[in-house]
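Some notes on the structure that comes next.
Numbering (my numbering), first residue to last: 271 to 907.
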């Protein structure tokens, strides 16, 4: 992504050296003069890129994982390119540039350049109209923002698809094996699926996390080579379609990475209200067209409930923990590390003790189990009442409140559209007073990304302004340089719309890149005009026209170099360019619009700000002179 940016400094250096060579100077003298003349420009452009990327490297959370790696890579790369352009490129130019170019005249002004020059002159004579048109362009650019779908990251082609299968709470391993075999036979007939690997036994939650749940299975679908099959997203749609016909189990499909699920959390102190709302919400999502909708609220299984008899437990000194441990050992099994083990050739296995399955469901047999009391062993029925009831397979809590997660597969639906669809469901619009809604998963990450990116952009803009003020020793004209940034938004948004890309992490990285890149063009123009005006060599309009003549060529050259470097990625060339493609599309679109408009709008902005600066200086000198006159009068008296 930064290949085109890396050669920008060298292009500016070489083009300026060539400009001095055409004045009849020797290679060494032309290089020395050109390098000194362009020093501020090259340093300023690199500094703006650095201060744009550094704030993004400090972002936290999941978005920071994306920005941090790219930010530091870009910072190190552009600093290295500055060192090469300032130290190595001049030496190579003085040594290798041929002397035959020394008498070559300046390139003739073409029709396009002449047309642009007339537009610049018109914009300087009609500054209000130019700035008004730029403002309208900015408003139209912002109007495109609601048309863009929002997401986290685009789906990627990893070559593997994961299918998770979950049966009812009372299912055994044989039933799970039968269902997974049906799933395997169904997906094996899909074109592009090369191999299927099945793993039965997911981890249980809670205290028995080391025990495998045989009602769960995970199947990995390995796809064939990318060039011989359809895109992975298309194969995932086909897998979801065939899994609809699999009965007796709940199957979910994943494989394209983050950004493929909608997750929303419902919290409440009331179990009944929570389960009812979650079930209704899940049904509404299915009716709205979302696939793979799932919630654990409807999954219940039989459970053994022991209610201690308080008077008896206090009398015999039996605690609730004693009752729980007795029943747990009998039903789930337990082992004692200090007792005998099963000895094999190279290891020892703990012996787990529990009652037979037929006994674990017999309340009379369980009531006769012995529990330790202060008077010795006694029947469990003496201190507790046992009952078989139904309850949730898993209880999740957040901040001591029960919560249920309702999830759905996005398939090809943008995250923003799915989120808007979910928020307009009747069960969400009319939530019970004791039920709350919390966004989680990709929606939560996307919200964090938006707030974090906005903060990073504000910090980067302030840092850019400070750096430019220090480099130019001026407060006003750095504002002219930053005026090019809004001109890039329209091109970036239009490009994303034309290519059907979402406003997600990679495209936002591209927008951050644009902040630093588009200022390079403004710096090239403004720096030349500022120096010409300070030296008294020309008026404001003449300095801007001369800056256009001298700097339009390197501006176009650097822009074309950056576009050429990102074009293969924007076209999707290379192995799985899905993540980098939106980034390149946003940068190319923004570069085109900012370059076309920068050469027309920036001179008008420069002229207006110069007038404001002159007015402020006149008022300042007038105020200082007025305060100094009384003191002078007293001194003369």
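Where is the CB? At the ideal position from N, CA and C, for every residue including glycine.
Inset, instruction - Thinking residue 861 and residue 832 are a contact (beta carbons under 8 angstroms), I'd like their distance in whole angstroms, please. - result: 6 angstroms
Inset, instruction - Below 8 angstroms on the Cβ atoms is my guess for residue 874 versus residue 410; work out the distance and round it to an integer in Å. - result: Contact flag wrong, Cβ pair sits at about 18 angstroms.
Inset, instruction - Could you check which residue in 599, 793 and 499 has the C-alpha nearest to that of residue 741? - result: 793
Inset, instruction - With distances taken Cα to Cα, identify the nearest neighbour of residue 505 among 464, 538 and 880. - result: 464
Inset, instruction - Specify, as a first and last residue, the run of the alpha helix (DSSP H) that residue 820 falls within. - result: 810–840
Legend entry - Residue span of the beta strand (DSSP E) that contains residue 787, given as start and end: Here residue 787 belongs to no beta strand (DSSP E); instead the alpha helix (DSSP H) covers 775–804.
Inset, instruction - Provide the residue span of the alpha helix (DSSP H) that contains residue 518, from first to last. - result: Note, residue 518: premise wrong, no alpha helix (DSSP H); not H, not E.
Legend entry - Start and end residues, beta strand (DSSP E) containing residue 561: 561–564
Legend entry - Neighbour-count burial assignment, residue 659, 16 or more Cβ in a 10 Å radius: exposed
Legend entry - Proximity below 7 angstroms, CB of residue 676 to CB of residue 552: yes
Inset, instruction - For chain B, find out if any of its Cβ atoms is closer than 7 angstroms to the Cβ of residue 634; answer yes or no. - result: Absent here is chain B; the protein component of the structure consists of one chain.
Legend entry - Boundaries of the beta strand (DSSP E) in which residue 624 is found, first to last residue: No beta strand (DSSP E) contains residue 624, which DSSP labels as neither H nor E.
Inset, instruction - For residue 657, name the three-state secondary structure that DSSP assigns. - result: strand
Legend entry - Nearest-angstrom Cβ-Cβ length linking residue 322 and residue 782, presumed shorter than 8 angstroms: 6 angstroms
Inset, instruction - Return helix, strand or coil for residue 257, following the three-state DSSP convention. - result: Outside the displayed range of the chain (271 to 907) lies residue 257, so it cannot be described from this structure.
Legend entry - Neighbour-count burial assignment, residue 753, 16 or more Cβ in a 10 Å radius: buried
Inset, instruction - Given a cut-off of 7 angstroms, decide if residue 671 and residue 537 are closer than it, judged by their beta-carbon atoms. - result: yes
Legend entry - Same chain, Cβ closer than 8 angstroms to residue 303, five either side skipped, listed in chain order: 290 and 295
Legend entry - Through-space distance from residue 572 to residue 582, alpha-carbon basis: 27 angstroms
Legend entry - Same chain, Cβ closer than 8 angstroms to residue 710, neighbours up to 5 away in sequence not counted: 533, 534, 535 and 675
Inset, instruction - Would you mind sorting residue 881 into buried or exposed? The rule is 16 or more other CB atoms within 10 Å of its CB. - result: exposed
Inset, instruction - May I ask you to report which of helix, strand or coil DSSP gives residue 467? - result: strand
Inset, instruction - Report the three-state DSSP secondary structure of residue 637 (helix, strand or coil). - result: helix
Inset, instruction - Might you give, ordered along the chain, the residues of its own chain that have their beta carbon closer than 7 angstroms to the beta carbon of residue 616, omitting 5 neighbours on each side? - result: none
Legend entry - From 704, 717 and 278, residue whose alpha carbon lies closest to that of residue 546: 704
Legend entry - Rounded separation between residue 467 and residue 564 - CA only: 24 angstroms
Legend entry - Other residues of its chain near residue 488: CB distance less than 6 angstroms, five sequence neighbours each side excluded: 434 and 469
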